[in-house]
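Numbered per the working numbering, the sequence shown spans residues 32 to 471. C-beta atoms are modelled at their ideal positions from N, C-alpha and C, and glycine is treated no differently.
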Amino acid sequence: ITSTVFTDWKNRRFITVDNEVGLRNWSVNVSESDWLVEASTLPESGLMAATGSSVTPDGERIAIIDGKIARVLNSTGQLIRQINVPSRHESVCISPDGKLLATSGWHSPITCIWNVGTGQMLKQFEFSNPSFSPDSKQLITCTGKNYVFRGVHDWQVVRRVDRHDCAYPSGIAYSPDGKFVVMELTWGVFHLLRTDTFQTVALLDSPRKSRPTRFQFAGNGNTLIAFHHLAGEIHVWKIDELRDGLAAMQLDWERKNARNPDLAQDHEVPTFPSRFEFAPSQANSMSKLELARHRIEVAERKFAANPRSMTHTNDLAWGILSCPGELRDAERAVALMESLQNQTKLDANNRNTLAVAYYRVRRFEDAVALLRMNVKEQEDSYLGFDLYFLAMCYWQLNQRDHARETLEWADRMSQLKPMTDVENMETLDELQVEARELMR
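What follows is the structure, encoded as structure tokens:
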């Protein structure tokens with residue numbers, strides 16, 4: 032199962048996306064002694080490999096995408112609209128009223144907006160992580176710098192909300208009543224804002240600053256859940272308990288005893304750590320070797336489901352390159368990335384993966400050619416990954432002066448533009464140690 036796209040607790044049913052059979056409708060019958068869960072496949076929903084899904088709040092329209100085609104279905108699985116999407120589009124978002132569809136991809140420079148009724152593309156934007164407001168009147172996109180809100184009737188910008196120290200785009204989550212919105216405005220810290228004023232009323236802090244894959248309100252809006260896929264964790268905040276804390280400080284935004292319901296600027300915004308955190312993959316209790324093996328297994332399954340996916344190919348290749356030595360398979364990583372290179376133009380991250388694979392199989396000159404390209408195009412915060420390997424390539428080619436200069440450059444860039452993702456920071460630290468041990 033790729034993901035759960037819709038949950039209807041009142042009627043005890045939920046819908047999941049499956050790489051093999053598409054959408055499945057599950058019913059849950061609960062007795063005093065047992066739970067009986069039965070599944071039925073929704074017709075016309077089969078996809079070669081579903082990479083993304085989205086559903087309207089009432090569950091009446093479901094959108095799924097496989098990197099080539101986006102499909103919109105009704106709640107019984109009947110096809111409403113099929114749209115051919117640009118290559119590298121692996122994510123989809125349907126507006127709450129079911130009339131608009133937004134498609135995008137991590138490795139795609141554009142987001143496309145489609146009319147579900149006609150299948151016509153309405154607009155393209157050079158932004159990512161699209162979503163819609165609860166009333167379907169605004170499209171929200173995100174970059175590392177800001178969130179941008181646009182009216183869907185004319186696509187004009189109506190609001191920008193700045194972000195700070197954020198390396199990646201992020202999502203957005205509205206409370207069920209639409210009165211509050213959660214946005215990641217600082218790396219690893221969620222801001223709870225009022226939608227009428229966009230004023231921050233509370234900060235929701237994560238114990239580790241890992242990048243959230245997705246976050247959403249659950250149930251009646253009393254719980255916020257953040258999924259941190261790379262860290263293997265789920266973080267949970269109880270909004271009612273958070274408000275009790277605010278009320279104790281007379282800062283609750285609605286209760287009558289609040290001395291300052293609008294939280295004026297002279298009052299510090301309170302911070303609340305997540306109450307629960309747990310690892311569904313048991314990542315916290317795994318050894319480094321076990322965790323690497325687990326991630327490779329997951330990457331293998333995703334790649335097998337869609338071997339033409341740039342994301343899945345790169346993830347698998349990087350997984351078998353960055354793992355401990357006994358799991359490493361550099362020859363296969365080269366084959367995977369060269370096959371991808373024959374299909375499409377590689378971006379900076381993909382070139383880095385192929386260059387690392389070349390380095391591991393001692394094709395140093397080929398690695399240098401790719402890494403030099405990345406020096407011109409790579410984001411500053413990721414340049415260290417290229418520079419450390421470039422320094423080691425120069426050293427292996429007996430160009431010792433170039434190697435030392437490049438190592439110093441890599442160290443400077445790592446200090447000036449430090450990583451904000453914990454896992455990448457650890458990987459970069461390990462790479463720095465490897466480079467220094469080679470060149471001492």
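Open item on the list: Please tell me whether Leu255 and Leu234 are closer than 8 Å, where the distance is taken between their beta carbons.
Closed with: no
Open item on the list: Is the beta carbon of Leu131 closer than 8 Å to that of Val183?
Closed with: yes
Open item on the list: Beta-carbon within less than 7 Å of Tyr425's beta-carbon, same chain only, minus the 5 sequence neighbours each way: which residues are those?
Closed with: His433, Ala434 and Thr437
Task: Outcome for Arg326 when other beta-carbon atoms lying within 10 angstroms are tallied against a minimum of 16 - done: buried
TODO: Within the same chain, show all residues whose beta-carbon is closer than 7 Å to that of Glu441, passing over the 5 residues directly before and after it, in chain order.
DONE: The sequence shown places Ala at residue 441, not Glu. Cβ within range, chain order: Gly415, Leu418, Tyr419 and Ala422.
Open item on the list: For a quick check, are the C-beta atoms of Cys197 and Phe163 less than 8 Å apart?
Closed with: no
Task: Residue interval of the alpha helix (DSSP H) (run including Thr384) - done: Ala379 to Arg391
- [ ] Determine the extent of the alpha helix (DSSP H) in which Leu358 is found, giving its start and end residues.
- [x] Where Leu358 is concerned, there is no enclosing alpha helix (DSSP H), given that its DSSP letter is neither H nor E.
Task: C-beta atoms of Cys143 and Pro117 nearer than 8 Å - done: yes
Task: Beta-carbon proximity check, Glu121 vs Ser370, cutoff 8 Å - done: no
TODO: Report the rounded CA-to-CA distance for Arg363 versus Glu465, giving the unit in angstroms.
DONE: 22 Å
Task: Sheet register partners of Asn177 (DSSP bridge) - done: Asp193
Open item on the list: Going by C-alpha to C-alpha distance, which of Val392, Asn160 and Trp145 sits closest to Asn154?
Closed with: Looking at the sequence provided, one finds Lys at residue 154 rather than Asn. Looking at the Cα atoms, Trp145 is the closest of the given residues.
- [ ] Taking the CB atoms as reference points, tell me whether Asp378 and His138 lie closer together than 8 Å.
- [x] yes
TODO: Give me the Cα-Cα distance between Ala361 and Leu320, rounded to the nearest whole angstrom.
DONE: 17 Å
Task: Through-space distance from Ala386 to Leu402, alpha-carbon basis - done: 7 Å
- [ ] Mark Asn115 as exposed unless 16 or more other C-beta atoms lie within 10 angstroms of its C-beta, in which case mark it buried.
- [x] exposed
Open item on the list: Within a Cβ cutoff of 7 Å, which residues of the same chain sit near Trp186, ignoring the five residues on either side of it in sequence?
Closed with: Lys154
- [ ] Report the partner residues of Cys124 according to the DSSP bridge assignment.
- [x] Ala133
Task: Spatially closest choice to Tyr178 from Lys168, Asp208 and Leu216, by CA coordinates - done: Leu216
TODO: Rounded to whole angstroms, what's the CA-CA distance from Gly252 to Ile270? Just pull it up for me.
DONE: 8 Å
Task: Residues near Arg391 by beta carbon distance below 6 Å, same chain, minus five either side - done: Ala361
Task: Environment of Pro355 [buried if 16+ CB atoms lie within 10 Å] - done: exposed
- [ ] Answer yes or no: do Val232 and Met214 have a C-beta to C-beta separation smaller than 8 Å?
- [x] no
- [ ] Take the Cβ of Lys99 as the centre, count every other Cβ of all protein chains shown within 10 Å, and call the residue buried at 16 or more, exposed below.
- [x] buried
- [ ] With DSSP as the reference, please indicate the residues paired to Ala94 in a beta bridge.
- [x] Ser85 and Val103
Open item on the list: Beta-carbon within less than 8 Å of Asp227's beta-carbon, same chain only, minus the 5 sequence neighbours each way: which residues are those?
Closed with: Lys210
Task: Glu157, DSSP secondary structure in three states - done: coil
Task: DSSP state of Asp227 mapped onto helix, strand, coil - done: coil
Task: Cβ neighbour criterion (16 or more within 10 Å) applied to Glu457 - done: exposed
TODO: Determine the contact status of Ala133 and Pro161, defining contact as a CB-CB distance below 8 Å.
DONE: yes
Open item on the list: Mapping the DSSP letters down to three states, classify Lys269 as helix, strand or coil.
Closed with: strand
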